[in-house]
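*Asks:* Pasting in a structure now, in structure tokens, and then I'll have a few things to ask.
2 protein chains.
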Amino acid sequence: MGLEISGYSGLVLEKLVSINAKIGDLVIIRYNGSEYSGILMPRAQIGSDSNHIVIKLSSGYNIGIKLSSSSEVALLKRGKRKKKTVADKPPEINSNLPNVSILSTGGTIASKVDYQTGAVNPALSAQDFYDTVPELRVHADVKAKVLMSALSENIHPTDWTRIAKAVASEIRKGTDGIVIAHGTDTMAFTSAALSFALQNLPVPVALVGSQRSSDRPSSDSAMNLIRATDLVGRIDAAEVMVVMHGETDDSFAYAHRGTRVRKSHTSRRDAFQSPNFYPLFKITSSNFEEISLPLLRRDSKRKLKMKASFEDRVGMIRTHPGIKASLIESLIESDYKGIVIEGSGLGHVPQVLQSAIKRAIDSEIIVAMTSQCISGRVDMNVYRTGVELLEMGVLPCEDMLTETALVKLMWALANFKNIQDVRTMMLTPLVGEISMRSEMAQYTRIGREKE
Amino acid sequence: MGLEISGYSGLVLEKLVSINAKIGDLVIIRYNGSEYSGILMPRAQIGSDSNHIVIKLSSGYNIGIKLSSSSEVALLKRGKRKKKTVADKPPEINSNLPNVSILSTGGTIASKVDYQTGAVNPALSAQDFYDTVPELRVHADVKAKVLMSALSENIHPTDWTRIAKAVASEIRKGTDGIVIAHGTDTMAFTSAALSFALQNLPVPVALVGSQRSSDRPSSDSAMNLIRATDLVGRIDAAEVMVVMHGETDDSFAYAHRGTRVRKSHTSRRDAFQSPNFYPLFKITSSNFEEISLPLLRRDSKRKLKMKASFEDRVGMIRTHPGIKASLIESLIESDYKGIVIEGSGLGHVPQVLQSAIKRAIDSEIIVAMTSQCISGRVDMNVYRTGVELLEMGVLPCEDMLTETALVKLMWALANFKNIQDVRTMMLTPLVGEISMRSEMAQYTRIGREKE
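Chains as they are written, first to last, in the working numbering: chain A, 175 to 625; chain B, 175 to 625.
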């Protein structure tokens, strides 16, 4: 049988052999009164578990099912043998290409399916992941490096420092641009962190992720990676950006400013948006269209200013009816250095939190205010609640995203000793994270009418 | 001078008299090197403070400025005397109108400017607020009642109970519909709370607010109030809804489902949106256009089922890089009964929180998961992090809004004793708060391209 039912052993292998099933066949599994049908998938680790069978459901997701001797496996339809595709042979390489460094941190873009749980795990090797997109070589002379292999929900502020240092090292070596493969869950936090850590950039840095793993037909990983590599190699800009699909199909990608972007949909390929702002570039297969306004331009002689430390004793509190002051008090007692409050509306909190906020500020904790509305701007001069908070010393974060304000406060607290300097930094636009005025067009109503 | 500089006394009155300034004149104030110009506004409380002058800036906002004897006040332009408008005389009343009860809870829609701080405070009298919109009498035989006078950031779950009981009382008296005037900051929380508290409604309930106070030319309070009153008097629906502007101009309003709506902009009049869903009705001055699908229809004989208790020991935690498990541990120690975690992506948390979450569940605390993406659906079967959390007993909230999940958990914990019943309630669609499948069209990209 060999590769045709690769990875299976024991009970599952026995059942598959008995029905002469091969990888790629449509099978049905019946157990405990349930039925699942799907395409038989290979197992990654031979011999790790002999009781799980992995199938790809019609939804495109893989599941692992634990079989017992009473479970039934039947063949529904014979699969087609996969042909070698054009992508299997590496394309021709041009000798005059820009140098691009790809740093892999993990995430779906660098992931493989875990055939034991049926879930997706980050891959371990950058080579694996680079080999799957041979088209990259058309756009750049690419050097790939694995920095870490983390699901992005586990990225910690200390990882931001590590990534920033790795970027600085590539810049010292004279790269023309850097692509960072990253999980999408916290990619916007990392892009904000790198924006503050790597000021005065000489060349562009693009974070790139994937909303669908590369074993799915709808995967966005190859296109995002190719567009990001092409962009950082050639574009006349030196900003930290996030490159992701602009629409749900493969028509184009957007490069968002690193301090302005958030993941705004759980699963769509065009999940990344820039509320209160515009993307910087629209990237098609042939063209970079510049959309937004003042940009830091590429200048290989510009000297990078790195401030890559982050204070992790910074909390984020979102207000709601029934919230208790003890939440803030426990942050004071745990020696937190900063708190970002995502208040309601223009920047308000329930009265019941006010004395705890005052106590926090009296304890030299920086308290900054953003809005849970996401779109729009904090304005604490309109209502009495806001005025009172301003008088206490709460910092109004203007139109900054909550995620960006949190990262900026972590950064400012670690890099400036004087509390007054930290306060000033929070209110000063440093890398495009705050606009002093908003444009009306930057708000689109969602979920309006049925089409 | 009399009314022409009403409310001013002492130093400010002296300066105004010296330049012969009247309310409505454009004045300029110079002090400590700063300059502010704006329309001279009246003061509300005579004699309360003789050192503040209140002007309306060109932005439309009022500010209060404290004068000293060295401050200079000069007249820039004489204002026009205000003419009586058509709205000043009450319109004709039709005798065959529906009965609508308006309950006022406070907020901008029922607010007056506080001329001491220059900020906006809730008005004290429902009559005041009802008198300002005489057009209401065209649409319904209106009875107005002041329930409370709160800025909505201060609304507490016990207020939801109070509002629900007041609605039930109006229903018992045979009203055709109920309008609740409410601050916009937490209006979506209250609408969700009333949706769960007032099941099996016979008539519609509409919450209505205002993003701009009624002393501003751009105020949306009259239109929203009129549209909501018209809607609940006549519409064939018996749902809890939020009625707010559909666009930034006065063209139409939307009635959103109470469990599906969130405030999505700090200041725009069309701030309310229904992510993952559609509004129920589009309301023009002449027409109600039905947009969405299955609705509970009006039936005055239907018997209201009221379950209006809420457990306030429910926390909301939004994950981020650097978040610490002590946040969850402090909720366990404070005897919380439920926690809504707004995780990343499809419903993930950093590994570092996992053991605290397990400890919470082992302590019989209900832990529910939503996504900070806002749009889309939690799916914890795709990645290992999600699978592990599901196995621990974390409840996946599907496409429910975080705000709605929080309110639902507060409600379920207060109304069902058995923990298994609470878990079942959380996962069961009760009043349209969960859809079992999503439509792609329900996501619109924001901040795309410059127009």
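Just so you know, even glycine gets a beta-carbon here, dropped at the ideal spot from N, CA and C. If you're wondering where the values come from, they're calculated on a predicted model, not measured in any experiment.
Going by the DSSP bridge assignment, what does PRO570(B) pair with across the sheet?
*Replies:* According to DSSP, PRO570(B) bridges with MET543(B).
*Asks:* Alpha carbon to alpha carbon, how far is ARG336(A) from SER232(A)?
*Replies:* ARG336(A) and SER232(A): Cα-Cα distance of roughly 40 angstroms.
*Asks:* Kindly indicate the opening and closing residues of the beta strand (DSSP E) around ASP315(B).
*Replies:* That run of the beta strand (DSSP E) goes 315-320.
*Asks:* Less than 8 angstroms between CB atoms is the rule here; does ASP288(B) satisfy it with respect to chain A?
*Replies:* In this prediction, ASP288(B) scores a pLDDT of 48, lower than 50, which makes its location untrustworthy; the coordinate-derived value is nonetheless stated afterwards. Judged by the 8 angstroms Cβ criterion, ASP288(B) is in contact with chain A.
*Asks:* Any chance the region 533-549 of chain A sits against the region 436-445 of chain B, with 3 or more Cβ pairs inside 8 angstroms?
*Replies:* Flag = yes, the region 533-549 of chain A and the region 436-445 of chain B touch.
*Asks:* Could you round the C-beta distance between ILE491(A) and GLU516(A) to whole angstroms and report it? I think they count as a contact, below 8 angstroms.
*Replies:* Confirmed, about 7 angstroms.
*Asks:* Where does GLU607(B) land, buried or exposed, given buried means 16+ other C-beta within 10 angstroms?
*Replies:* GLU607(B) should be labelled buried.
*Asks:* Taking LEU415(A) as part of the beta strand (DSSP E), name the residues at either end of that continuous run.
*Replies:* The question names Leu, but residue 415(A) is Met in the sequence shown. Element bounds for MET415(A): 414-419.
*Asks:* Does PRO331(B) come within less than 8 angstroms of chain A when only Cβ atoms are used?
*Replies:* Yes, its Cβ sits closer than 8 angstroms to a Cβ of chain A.
*Asks:* Kindly indicate if chain B contains any beta-carbon less than 8 angstroms away from that of ILE548(A).
*Replies:* ILE548(A) counts as touching chain B.
*Asks:* Given a threshold of 16 other Cβ atoms within 10 Å of its Cβ, counted over all protein chains shown, does LEU190(A) qualify as buried or as exposed?
*Replies:* Under this definition LEU190(A) is a buried residue.
*Asks:* Within the same chain, show all residues whose beta-carbon is closer than 7 angstroms to that of VAL307(B), passing over the 5 residues directly before and after it, in chain order.
*Replies:* Excluding sequence neighbours, VAL307(B) sits near ALA396, LEU399 and ILE400.
*Asks:* What is the DSSP secondary structure of ALA499(A), counted as helix, strand or coil?
*Replies:* ALA499(A): coil per DSSP, three-state reduction.
*Asks:* Going along chain A in order, which residues have a C-beta closer than 7 angstroms to the C-beta of ASP359(B)?
*Replies:* Going along chain A in sequence order, the residues near ASP359(B) (Cβ under 7 angstroms) are SER518, GLY519 and HIS522.
*Asks:* Taking the alpha helix (DSSP H) that ARG408(A) falls in, what are its first and last residues?
*Replies:* ARG408(A) -> alpha helix (DSSP H) spans 395-408.
*Asks:* Taking the C-alpha atoms as reference points, what is the distance between GLU577(B) and VAL377(B)?
*Replies:* Each residue's Cα considered, the two are about 24 angstroms apart.
*Asks:* Sort ALA366(B), TRP334(B), ASN206(B) and LEU569(B) by Cα distance to ARG436(B) and report the nearest one.
*Replies:* Checking every option, the nearest Cα to that of ARG436(B) belongs to ALA366(B).
*Asks:* With 7 angstroms as the limit, tell me which residues of the region 427-443 of chain A have their beta carbon closer than that to any beta carbon of chain B; keep them in chain order.
*Replies:* The region 427-443 of chain A vs chain B, Cβ under 7 angstroms: LYS437, SER438, HIS439, THR440, SER441 and ARG442.
*Asks:* Assign LEU250(B) to one of three DSSP states: helix, strand, or coil.
*Replies:* Reduced to three states, the DSSP call for LEU250(B) is strand.
*Asks:* Compare the C-beta of ASP423(A) against all C-beta atoms of chain B and say whether one is closer than 8 angstroms.
*Replies:* Chain B contact via Cβ: absent.
*Asks:* Please list, in chain order, the residues of the region 548-580 of chain B that have any C-beta partner in chain A closer than 9 angstroms.
*Replies:* If the cut-off is 9 angstroms between Cβ atoms, the region 548-580 of chain B has ILE548, SER549, GLY550, ARG551, VAL552, ASP553, ASN555, VAL556, TYR557, ARG558, THR559, GLY560, VAL561, GLU562, ASP573, THR576, GLU577 and LEU580 near chain A.
*Asks:* What first and last residue would you give for the alpha helix (DSSP H) that runs through LEU187(A)?
*Replies:* 184-192 is the extent of the alpha helix (DSSP H) around LEU187(A).
*Asks:* Would you mind reading off the limits of the beta strand (DSSP E) that contains ASN277(A)?
*Replies:* For the sequence presented, residue 277(A) should be read as Leu rather than Asn. Note, LEU277(A): beta strand (DSSP E), 273-278.
*Asks:* Are the C-beta of PRO378(B) and some C-beta of chain A separated by less than 8 angstroms?
*Replies:* Answer no: the Cβ-Cβ gap between PRO378(B) and chain A never drops below 8 angstroms.
*Asks:* Roughly how many angstroms separate the alpha carbons of GLY407(A) and GLU309(A), rounded to a whole number?
*Replies:* Rounded to whole angstroms, GLY407(A) to GLU309(A) spans 14 angstroms at the Cα level.
*Asks:* Identify, in the order they occur along the chain, each residue of the same chain with its Cβ nearer than 8 angstroms to the Cβ of ALA324(A), setting aside the five sequence neighbours on each side.
*Replies:* Excluding sequence neighbours, ALA324(A) sits near THR279, GLY280, GLY281, PRO296, ASP333 and GLY357.
*Asks:* Flag this pair as touching only if the region 239-251 of chain A and the region 197-204 of chain A have three or more C-beta atom pairs under 8 angstroms; answer yes or no.
*Replies:* Because the criterion of three Cβ pairs below 8 angstroms is met, the region 239-251 of chain A and the region 197-204 of chain A touch.
*Asks:* Measuring only the C-alpha atoms, how far is ILE535(A) from CYS571(A)?
*Replies:* Approximately 16 angstroms between the Cα atoms of the pair.
*Asks:* Would you say ARG492(B) reaches chain A, if we count a Cβ-Cβ gap shorter than 8 angstroms as a contact?
*Replies:* Closer than 8 angstroms to some Cβ of chain A, the Cβ of ARG492(B) qualifies, so yes.
*Asks:* With a 10 Å radius around its C-beta and 16 neighbouring C-beta atoms as the bar for buried, classify SER593(A) as buried or exposed.
*Replies:* Strictly speaking, residue 593(A) in this sequence is Ile, with Ser absent from that position. The residue is exposed, with fewer than 16 neighbouring Cβ atoms inside 10 Å.
*Asks:* So what does DSSP say about MET480(B), is it helix, strand or coil?
*Replies:* Of the three classes helix, strand and coil, the one that applies to MET480(B) here is strand, per DSSP.
*Asks:* Is the CB of VAL488(A) under 8 angstroms away from at least one CB in chain B?
*Replies:* Yes, because at least one Cβ of chain B sits closer than 8 angstroms to the Cβ of VAL488(A).
*Asks:* Would the region 420-433 of chain A and the region 311-318 of chain A be scored as touching if the rule is three or more Cβ pairs under 8 angstroms?
*Replies:* With a cut-off of 8 angstroms, the region 311-318 of chain A and the region 420-433 of chain A do not count as touching, because too few Cβ pairs lie within range.
*Asks:* Which residue from ALA586(A), SER242(A), PHE426(A) and GLU246(A) puts its Cα closest to that of SER211(A)?
*Replies:* Of ALA586(A), SER242(A), PHE426(A) and GLU246(A), the residue nearest in Cα terms is GLU246(A).
*Asks:* Find the residues of chain B that neighbour SER365(A), judging by a C-beta separation of less than 9 angstroms, and give them in chain order.
*Replies:* Within chain B, no residue comes near SER365(A); the closest Cβ sits about 12 angstroms away, beyond 9 angstroms.
*Asks:* Taking the Cβ atom as the reference point for each residue, do SER513(B) and GLY489(B) lie within a distance shorter than 8 angstroms?
*Replies:* The sequence given here has Ile at residue 513(B), not Ser. For ILE513(B) and GLY489(B), yes; Cβs fall inside 8 angstroms.
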